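Number of protein chains: 2
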Amino acid sequence: MQENRAKCMKLAERIYELDGEVYQCLGSSLGRVFTGSRDECVESLAELMCGSRKSYLLRSEMALVANMARTIPDEETRARLMAEYNNILVEIKSIPTSFGTVDILDESRAKLNAIHLHERFTDKDHLIVCISRTLGCAGTDIGFALANALKINFYDQKIFNTVLEHLDADKNSIEDISSANEVPNKVRKPQKGQTLDNFHRYHGLPENDAVFFNLSGLLCEMAAKEDFVVMGRCADVILTGGRIPHVSVFITAPFEQRVRRVMKTHSLDRKHASNLLKQLDHKRSKYYHFFTGRKWGDPENYDLCINSASYGIQGSVEMISRMIDQNGLYRR
Amino acid sequence: MQENRAKCMKLAERIYELDGEVYQCLGSSLGRVFTGSRDECVESLAELMCGSRKSYLLRSEMALVANMARTIPDEETRARLMAEYNNILVEIKSIPTSFGTVDILDESRAKLNAIHLHERFTDKDHLIVCISRTLGCAGTDIGFALANALKINFYDQKIFNTVLEHLDADKNSIEDISSANEVPNKVRKPQKGQTLDNFHRYHGLPENDAVFFNLSGLLCEMAAKEDFVVMGRCADVILTGGRIPHVSVFITAPFEQRVRRVMKTHSLDRKHASNLLKQLDHKRSKYYHFFTGRKWGDPENYDLCINSASYGIQGSVEMISRMIDQNGLYRR
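Residue numbers (the UniProt record's numbering), protein chains in the order written: chain A, 1 to 332; chain B, 1 to 332.
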């Protein structure tokens, strides 16, 4: 503790001196952050570093000094003082009681985050991007373009239905199917009057639950074998449950933008487009909440949320690729 | 229209043939996506491209073909078929009635998005990153570290107060202040019994409105002169109002993670930490809604939302830098 205190005092002095030098370079007395007596200032600076709850105030003081130092005309002096500033920051970080020292990283979350795969890239690691999206934000177009850009597979509801229907048709070929190489074209939709069939098919579970149950198994099997982009299906939550690394992205855009786009894509008038949006957003939100207990579209439930209206389809694809593929492992 | 139709038929044939080739390479008859008669399949594929509302189904069919093609063992054949697949996608994009052709990009939004600055980087363009965040997600630590990483200025509430107080103290030095080089240390907090002073100071406006009013002016002036990271203050909305390019980022983390962190940073027990979080989130949410009429923390109101629990402080900084600085203009 004493030692910590001594370290803080030393640093406080360096900060005070740095401010003094910056002030000299800029001339104006207003340029000085710390205007009290040297002892007072150093004392209170040290206080901020040593276990004070107000250590964040020190961050603002440091920022003020740096904001000024960056305006020093003479390049050499500026470089020298900014270097000292950076050194001081490093030292501050080494003080357990100072700001910026308590991280927010959730180890278990990070372990499951495919972004960190580049640090431990083995054959067992697969890049899986789970995309949730609101209707009309071009989320599926973005997901599809992303899969093509990363040269990995793409799965949406229709493809899963195809695979699941096939699974259902031939329980023996699970191995083959899970890699989605061998799927029939026609999707058998359950007909009316199939209630008893369905009862057997879904092991007596309500249909939704059974489909979700089957999907979960399929998804985890696929995840062990290939890289892919998956749209919706609560895939992020299923994979988290299966302790399988992935990246979860939520894509949306302002309601007005989405209405305009849906008017074009579905050739609807404003009223019908806007109703369709509200209905589908509500449906997806309910589906997600029912199977996950979480709030759909709440940023804290995803690794990343993107506003596609800011970037467009191609721009969003580029940004997501940049984020998940910093080493260019896929774009090669 | 006729011409469009002809183009669709031609493409449909190419898609059907591609599927056929993929099927031959993989051998299994299940490998075939299109199992109907050639004419039927080509006809229905063309339908999907020509103004059908179901063109998105074509995307799934294409994905199925590609998912299979990627599993072709022989590298040369795989490369050839994937090339044809990509060529077909390009052609499909050129058909106005097909999927992926209606973009979601909001031109006016994009114009105001600093991410696009790299395309038109002039002295007049400044990189301004507006960060909103929930309490406890280390958002301010991330913003501060980001400013240091990008070597640009950093502004938070305390620094703004300092600047505004100085503005207030000396109306004549706005020019100097707006670059935030010349600010006094002590922040004058209005004392009790200053009501009349305040009435003059705030031009008869309620104090909050006046401070917001002054802040808006200051922010827009600064934005014309320097690059910076700004924490909170509805800066994103103020700059949008001023038609000034910027990037808006919302940072948060799961409640449980934030509680744990605040317990450490503020040395509080779980109950008090959790109450503090709820209070401050509510306060920020109210402030944002009062001055913007928008929902705080709703992904559609920001360019990007980041879950800091997935990346930690340094990881979040790296990701945001990668996103806004793809050309390394700043990290140089």
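By construction, the Cβ of each residue, glycine as well, lies at the ideal position given by its N, Cα and C atoms. All of these numbers come straight from a predicted model, not from anything done at the bench.
Exposure of residue i, with buried meaning 16 or more beta-carbon neighbours within 10 Å
| i | result |
| --- | --- |
| residue 37 of chain A | exposed |
| residue 293 of chain A | exposed |
| residue 83 of chain B | exposed |
| residue 315 of chain B | buried |
| residue 86 of chain A | exposed |
| residue 109 of chain A | buried |
| residue 53 of chain B | exposed |
| residue 153 of chain B | buried |
| residue 90 of chain B | exposed |
| residue 297 of chain B | buried |
| residue 235 of chain B | buried |
| residue 177 of chain A | Because residue 177 of chain A carries a pLDDT of 32, less than 50, the predicted location of this residue cannot be relied on, and the following value inherits that uncertainty. With 16 or more Cβ atoms within 10 Å of its Cβ, residue 177 of chain A is classed as buried. |
| residue 188 of chain B | Because residue 188 of chain B sits at a pLDDT of 38, beneath the cut-off of 50, its placement in the model cannot be relied upon, and the following sentence gives the value as read from the coordinates. Exposed. |
| residue 121 of chain B | With a pLDDT of only 45 at residue 121 of chain B, under 50, the local geometry of the prediction cannot be trusted, and the value read off the model is given with reservation. Under this definition residue 121 of chain B is an exposed residue. |
8 Å Cβ cutoff met for residue i and residue j
| i | j | result |
| --- | --- | --- |
| residue 49 of chain B | residue 58 of chain B | yes |
| residue 61 of chain B | residue 33 of chain B | yes |
| residue 250 of chain A | residue 254 of chain B | no |
| residue 72 of chain B | residue 81 of chain B | yes |
| residue 319 of chain A | residue 319 of chain B | no |
| residue 321 of chain B | residue 149 of chain B | yes |
| residue 131 of chain A | residue 231 of chain A | yes |
| residue 129 of chain A | residue 229 of chain A | yes |
| residue 104 of chain B | residue 261 of chain A | yes |
| residue 305 of chain B | residue 25 of chain A | no |
| residue 276 of chain B | residue 268 of chain B | yes |
CA nearest to the CA of residue i, picked from the options
| i | options | result |
| --- | --- | --- |
| residue 135 of chain B | B:304, B:258 and B:269 | B:258 |
| residue 237 of chain B | B:290, B:11, B:18 and B:311 | B:290 |
| residue 125 of chain B | B:133, B:88 and B:224 | B:224 |
| residue 151 of chain B | A:319, A:78 and A:20 | A:78 |
| residue 307 of chain A | B:106, B:26, B:9 and B:5 | B:106 |
| residue 419 of chain A | A:252, A:19 and A:280 | Lying before the first or after the last residue shown, residue 419 of chain A is absent from chain A, which here runs from 1 to 332. |
| residue 67 of chain A | B:305, B:155, B:284 and B:281 | B:155 |
| residue 309 of chain B | A:235, A:301 and A:310 | A:301 |
| residue 39 of chain B | B:9, B:88 and B:104 | B:9 |
| residue 43 of chain A | A:74, A:6, A:287 and A:75 | A:6 |
| residue 51 of chain A | A:4, A:75, A:278 and A:287 | A:4 |
Own chain partners of residue i with C-beta closer than 6 Å, once the 5 adjacent residues on each side are dropped
| i | result |
| --- | --- |
| residue 45 of chain A | 12 and 15 |
| residue 252 of chain A | 134 and 137 |
| residue 41 of chain A | 16 and 34 |
| residue 273 of chain A | 259, 262 and 263 |
| residue 285 of chain A | 296 |
Chain-order list of residues whose beta-carbon lies under 7 Å from that of residue i (same chain, five-residue window excluded)
| i | result |
| --- | --- |
| residue 171 of chain A | Note that residue 171 of chain A has pLDDT 48, beneath the 50 cutoff, so the model's placement of it is unreliable and the number below is only indicative. Correct list: empty, nothing qualifies. |
| residue 418 of chain B | Outside the displayed range of chain B (1 to 332) lies residue 418 of chain B, so it cannot be described from this structure. |
| residue 313 of chain B | 138, 141, 142 and 145 |
| residue 270 of chain A | 259 and 263 |
| residue 93 of chain B | 100 and 101 |
| residue 311 of chain B | 319 |
| residue 194 of chain A | Reliability of the predicted coordinates at residue 194 of chain A is poor, the pLDDT of 49 falling under 50, and the value obtained from them is presented with this limitation in mind. Closer than 7 Å at Cβ, skipping near neighbours: no residue. |
Chain-order list of residues whose beta-carbon lies under 8 Å from that of residue i (same chain, five-residue window excluded)
| i | result |
| --- | --- |
| residue 55 of chain B | 48, 49, 97, 98 and 99 |
| residue 220 of chain A | 238, 239, 242 and 244 |
| residue 212 of chain A | 234 and 291 |
| residue 88 of chain A | 11, 14, 15, 18 and 62 |
| residue 157 of chain B | 231, 232 and 233 |
Enumerate, from N- to C-terminal direction, the unbroken alpha helix (DSSP H) stretches of 4 or more residues contained entirely within the stretch 65-96 of chain B. 75-93
List, from N- to C-terminal side, the beta strand (DSSP E) runs of 3 residues or more that fit wholly inside the stretch 269-311 of chain B. 304-307
Which runs of the alpha helix (DSSP H) fall wholly inside the stretch 2-33 of chain A and span at least 4 residues, in chain order? 2-26
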